[in-house]
Amino acid sequence: MAGFDKRVYSYEEAMDGIESGMTVIAGGFGLCGIPENLISEIKRRGVKDLTVWSNNCGVDGFGLGLLLEDKQISRIHASYVGENALFEQQMLNDEIEVVLTPQGTLAEKMRAGGAGIPAFYTATGYGTPIGEGKEVREFNGRHYILEESVVGDFAIVKGWKADRYGNVVYRDTAQNFNPLAATAGKITVVEVEEIVEPGELKPDQIHTPGIYVDRIIQGSFEKRIEKRTVREG
Amino acid sequence: MAGFDKRVYSYEEAMDGIESGMTVIAGGFGLCGIPENLISEIKRRGVKDLTVWSNNCGVDGFGLGLLLEDKQISRIHASYVGENALFEQQMLNDEIEVVLTPQGTLAEKMRAGGAGIPAFYTATGYGTPIGEGKEVREFNGRHYILEESVVGDFAIVKGWKADRYGNVVYRDTAQNFNPLAATAGKITVVEVEEIVEPGELKPDQIHTPGIYVDRIIQGSFEKRIEKRTVREG
Amino acid sequence: MALTREQMAMRVARELEDGFYVNLGIGIPTLVANYIPDGIDVMLQSENGLLGMGRFPTEAEVDPDMINAGKQTVTARHGAAIFSSAESFAMIRGGHVDLTVLGAFEVDQHGNIASWMIPGKLIKGMGGAMDLVAGAENIICTMTHASKHGESKLLEQCNLPLTGAGCINRVLTDLAYLEIKDGAFHLKERAPGVSVEEIQELTAGKLVVPDHVPEMTFEA
Amino acid sequence: MALTREQMAMRVARELEDGFYVNLGIGIPTLVANYIPDGIDVMLQSENGLLGMGRFPTEAEVDPDMINAGKQTVTARHGAAIFSSAESFAMIRGGHVDLTVLGAFEVDQHGNIASWMIPGKLIKGMGGAMDLVAGAENIICTMTHASKHGESKLLEQCNLPLTGAGCINRVLTDLAYLEIKDGAFHLKERAPGVSVEEIQELTAGKLVVPDHVPEMTFEA
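Protein chains in written order, with numbering that gives the first Met the number 0: chain A, 0 to 232; chain B, 0 to 232; chain C, 0 to 219; chain D, 0 to 219.
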């Protein structure tokens, strides 16, 4: 079964092959379900000029925000950024290019990239700055714009549990962009909280089938909370 | 909670509103995971001139094959048909129009229809009779054809378990086209083997979220096997 | 008197129907959840992938894997479903959400909305707003009728870059409840004590005023 | 001697690599599963939504909810995943399957394949074949080299309606193993006892023959 044992045992091994100039697709929403240790490993390696696809760009000192410290990201495709001072500064200095992308379009671009669909039409963004320069077409009396899909050199993903075959399940809203990112990487690396024995994950309850996954690593996670909001209990 | 209690208690109620000339999207692959009782109810009602989207058309006397007996289907979009004599005969007599559709394109058309994507590009069918008359476009040096999505007046779906909110899980390969069909009906009716108490289905393990589902009915199923193949055990 | 934020939320809540799937944006829309009328059950969709958003957690319930689209910790209610971002926006873009409530900088008489970008100011992004306005068939915009300087936000044509084109059907401001159709704002209700003239004054877009404009009530 | 169906399956099996995800079509391709070399593990994809197809069930294991793309009852192996048809074809069309093996009526020197429709005969449909040939980067066609009447099936240009255009890279016939590139069939191996001349005779498309054409072996 060596052929399907996708476990690796160090983060160095997990991110082997990443180089400056590459495109990296990252799962996560805000700080929820982000591949925090894979991001740290990218920071450690010091690769530069990365193009990142991710819904957000972390915060100062955590998540993708870490990659801003040494200006490792040249361009980011995201729906919402600027939760951190460093990001704003680099954006104002034109040190980072931001391609703002509606959240649903971002998700669908990843899903389509993984699924071999090079482009799709969507109503989202029609008549707005997002639609400028894009083909417009009418279907059933409504206007849609053409959006192209994305495939990354690497996809970095945070799962909950996985087996050695690379089958992954996500927990609660930490799922978000992760299963989409997982399909869209030439090399897909998934870090999880627990690697379980094959057979423990029920086949019809797997979120990401192992075919999409190249490497699996078990890590430990800080799981920082961005906006702790509680009620009296 | 009346607002989200989608249970109905008779098949008559389940298919209320179906009329001749409508478009019906059906889940199932071969005879696996087909909404057998909903199909029988359509037969009982005798509605005619239906346009059906389904991977196959059942067999003589079972599944969608039942609807052939009284010539209720005028047109079918399917990837593989003719497993039954009645179908072949009606096809040869031009009593049923068959729009052959590659299996992946069929699945994606349903998924896109449910997701508000009116059309997408795919390499499948380029350079073949399926691509004739369709727009061809090149992305990254490859040719793709434009395929439009589908939304049905009704979607008929077979699930395993559901709660009253319409959250559904499928069992093993009886999943197939069912979750896609479920998203693509103006009215989506799901029949299941068991309606469970709310909370029994884990939120992050639901295949079809209740938002897609209009009616849920618990039924009993024959689950006929098309090709029983066994080994010595 | 102009409505308070709470009154605006209360008025929007009256548009809820039993069995509605609803997406509430940040700000006043979020407050709507506090005024769901008795006997009505709605399911809140949070675009990060949660259908059936529950209350905020107690300290003991806080779970970093359980947040809403505003990145706040949250719980899931009975009957909730959780899914990927692609599935979440399939719901939204496929028109499966019954009602979307969101804020805006400007709306115009053609149903255009501008809510995400003020040129010259720092742009943080549109998040899911463009998907929500393009996907929903039933959208209520909540906003103040005019700026602090008395400039109308209900325009003939939006000045700011759009979030969506021709997609808004209803607007609730602190002064009035209006419907948008046939290239005009149709005044339906006025805030208690606010005159039609006052509303007319602060509406730059075409305003259609019927003979009788009732005062708003807030009971379901 | 022309290869038997079993020998053809054995030869194809030599192309399997450890860790390959493989989709096997109906007929000879299905037999390949019986000849997976020792020490090599492959995961079989069945396009109805099963990755990790196992053996046929025992009588006691038969489950109507568990079938393969040929509609036969099957089991799932250790590490299997089961999913929707859209997900299944996302895998296929997204190029995630490492090897596809399928039959054909005709292939031509440009990599075109015809496998689903003979005009005038009853057409049952393409099933997933068009998706498979369009999605896979690595496809082996298994077929007889010529019809019973001696008409070549390896053509300059397919006569029958295509299943896919320019997508086939390798062909295993009962006479030879060939690669398709640069608008020609490249003869790589011949069936034991079959001469290059015989193969040349039965190949209507352009055939490139190297100086040495080894005989096929069937051991891994």
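Where is the CB? At the ideal position from N, CA and C, for every residue including glycine.
Taken in chain order, the complete beta strand (DSSP E) segments of 3 or more residues contained in the region 22-100 of chain D are 42-45, 49-52 and 75-81. Chain D has a Cβ within less than 8 Å of the Cβ of Thr-182 of chain A.
Taking the C-beta atoms as reference points, Leu-49 of chain D is found nearer than 8 Å to Asn-67 of chain D. Of the candidates B:Arg-141, B:Glu-146, B:Gly-151 and B:Ile-205, B:Ile-205 places its Cα closest to the Cα of Thr-172 of chain A.
Using a Cβ-Cβ cut-off of 7 Å, Phe-217 of chain C is close to nothing in chain B; its nearest Cβ partner there is about 21 Å away.
When the beta-carbon positions are compared, Tyr-20 of chain C and Val-96 of chain C come within less than 8 Å of each other. Contact annotation, Val-188 of chain B with Val-156 of chain B: C-beta distance approximately 7 Å; criterion of less than 8 Å satisfied.
Taking C-beta separations shorter than 7 Å and ignoring five residues to either side along the sequence, the partners of Glu-94 of chain B in its chain run Lys-70, following chain order. With contacts defined by Cβ atoms closer than 8 Å, Glu-136 of chain C and Gly-94 of chain C form a contacting pair.
By the Cβ-count criterion, Ala-80 of chain C is buried, with 16 or more other Cβ atoms from all chains shown falling within 10 Å of its own Cβ. Counted as a single uninterrupted DSSP element, the alpha helix (DSSP H) harbouring Ser-39 of chain A occupies residues 35-44. The DSSP-derived three-state label of Ala-183 of chain B is coil. Using a Cβ distance threshold of 8 Å, Met-65 of chain D and Thr-57 of chain D do not count as a contacting pair.
Here Ala-84 of chain B is exposed: its Cβ has fewer than 16 other Cβ atoms, across all protein chains shown, within 10 Å.
For Asp-152 of chain A, the nearest beta carbon of chain B is not closer than 8 Å to its own beta carbon.
Taken atom to atom, the span from the alpha-carbon of Asp-152 of chain A to that of Ile-75 of chain A is near 14 Å. Contacts between Phe-176 of chain A and chain D, judged by CB atoms closer than 8 Å, are missing: the closest CB pair is about 16 Å apart. Contact of Arg-169 of chain C with chain A is not assigned, every C-beta pair being separated by 8 Å or more.
If you compare the alpha carbons of C:Lys-180, C:Glu-188, C:Ala-85 and C:Leu-174 with that of Asn-168 of chain C, the shortest gap goes to C:Lys-180. Counting only the Cα atoms, Phe-82 of chain D lies some 39 Å from Asp-59 of chain A. Asp-17 of chain D is not a Cβ neighbour of Asp-37 of chain D, given a cutoff of 8 Å. Counting of Cβ neighbours within 10 angstroms places Gln-89 of chain B among the buried residues, the total reaching 16 or more.
Per the DSSP secondary-structure output, Val-195 of chain D pairs with nothing in a beta bridge.
Bounds of any alpha helix (DSSP H) do not take in Arg-223 of chain A, whose DSSP letter is neither H nor E. At a Cβ-Cβ threshold of 8 Å, Leu-154 of chain C and Asp-107 of chain C count as neighbours. For Pro-28 of chain C, the closest of C:Ile-139, C:Lys-70 and C:Ser-146 by C-alpha to C-alpha distance is C:Ile-139. Secondary structure note for Lys-108 of chain A: its alpha helix (DSSP H) is the uninterrupted segment 102-113.
Distances from the CA of Glu-96 of chain B to each of B:Ile-38, B:Thr-50 and B:Leu-66 were compared; the closest alpha carbon is that of B:Thr-50.
In the three-state scheme derived from DSSP, where H, G and I count as helix and E and B as strand, Arg-170 of chain B is classed as coil. Beta-bridge pairing by DSSP links His-148 of chain D to no other residue. Here Lys-180 of chain C is bridged, per DSSP, to C:Ala-183. When DSSP states are grouped into helix, strand and coil, Arg-6 of chain A belongs to the strand group. Sequence-distant Cβ neighbours of Ala-106 of chain A in its own chain, meaning closer than 7 Å and more than five residues away, are Phe-176 and Leu-179.
With a cutoff of 8 Å on beta-carbon distance, Tyr-120 of chain B and Leu-99 of chain B are scored as not near each other. Non-local beta-carbon contacts of Glu-82 of chain B in its own chain, meaning distances under 7 Å to residues more than five positions away in sequence, involve Asn-55 and Val-58 in chain order.
Thr-57, Glu-58, Ala-59, Glu-60, Val-61, Asp-62, Pro-63, Asp-64, Met-65, Ile-66, Asn-67, Ala-68, Gly-69, Lys-70, Gln-71, Thr-72, Val-73 and Ala-75: these are the residues of the region 57-80 of chain C whose beta carbon lies less than 9 Å from some beta carbon of chain A, given in chain order.
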